[in-house]
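Numbering (this note's numbering), first residue to last: 144 to 332.
All C-beta atoms, glycine included, are put in the ideal place defined by N, C-alpha and C.
Just below is one structure, and these are the notes that go with it.
Next comes the structure, spelled out in structure tokens:
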């Protein structure tokens, strides 16, 4: 996904600093691997409502994170500043740069969470690569157009997986009903 958006693969390790690759919910309400707040998730194309929360979809949320990084790179000259903006928001970093008159990450007076965020990413990358863990995870997905509200069991049957596996792989489906929508869903199976 990052390669297709021309994003350096090293930025992927931000997911470990955000959530340790778990679909977690922060005290502030950020959700999923990439810890999107609801407004940012919607801004980056994720469906978030009472039935679907694509912040919990590893494929869709990773695409949204890549789009965020791509957008952020239009404002900042370094990928380190892009990562800082992921942690504290593009506008937050822009305000600090304006106030402090520097775009140098190492000269900016950042809050401790953002300053340590960059170092956490470096540590996670080192840990994962030193363990010889492949960063090439193959996920099987199938796009299915849902023209009318459909039970999750029907989609699981179509994908030839049991409902427990389907539910575990697609935690972004919050109920047993998948609502109709104009664009197809990408189901993991």
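- Across the structure, residue 228 and residue 316 are spaced so that their CA atoms are roughly 29 Å apart.
- Residue environment analysis places residue 170 among the exposed positions, since fewer than 16 neighbouring C-beta atoms fall within 10 angstroms of its C-beta.
- Here residue 297 carries a helix assignment [DSSP, helix/strand/coil].
- A distance below 6 Å between beta-carbons, with the five flanking residues on each side excluded, links residue 215 to the following residues of its chain, in chain order: 225, 228 and 233.
- Three or more Cβ pairs drawn from the region 187-195 and the region 204-215 lie within less than 8 Å of each other, which places the two stretches in contact.
- Annotation: residue 241 to residue 160 spans about 27 Å, alpha carbon to alpha carbon.
- Residue environment for residue 325: exposed (fewer than 16 other C-beta atoms within 10 angstroms of its C-beta).
- Collapsing the DSSP output to three states places residue 284 in a strand.
- Looking at 245, 320 and 298, the one whose alpha-carbon comes closest to that of residue 194 is 320.
- Rounded to whole angstroms, residue 153 and residue 274 show a C-alpha spacing of 16 Å.
- In the three-state scheme derived from DSSP, where H, G and I count as helix and E and B as strand, residue 292 is classed as coil.
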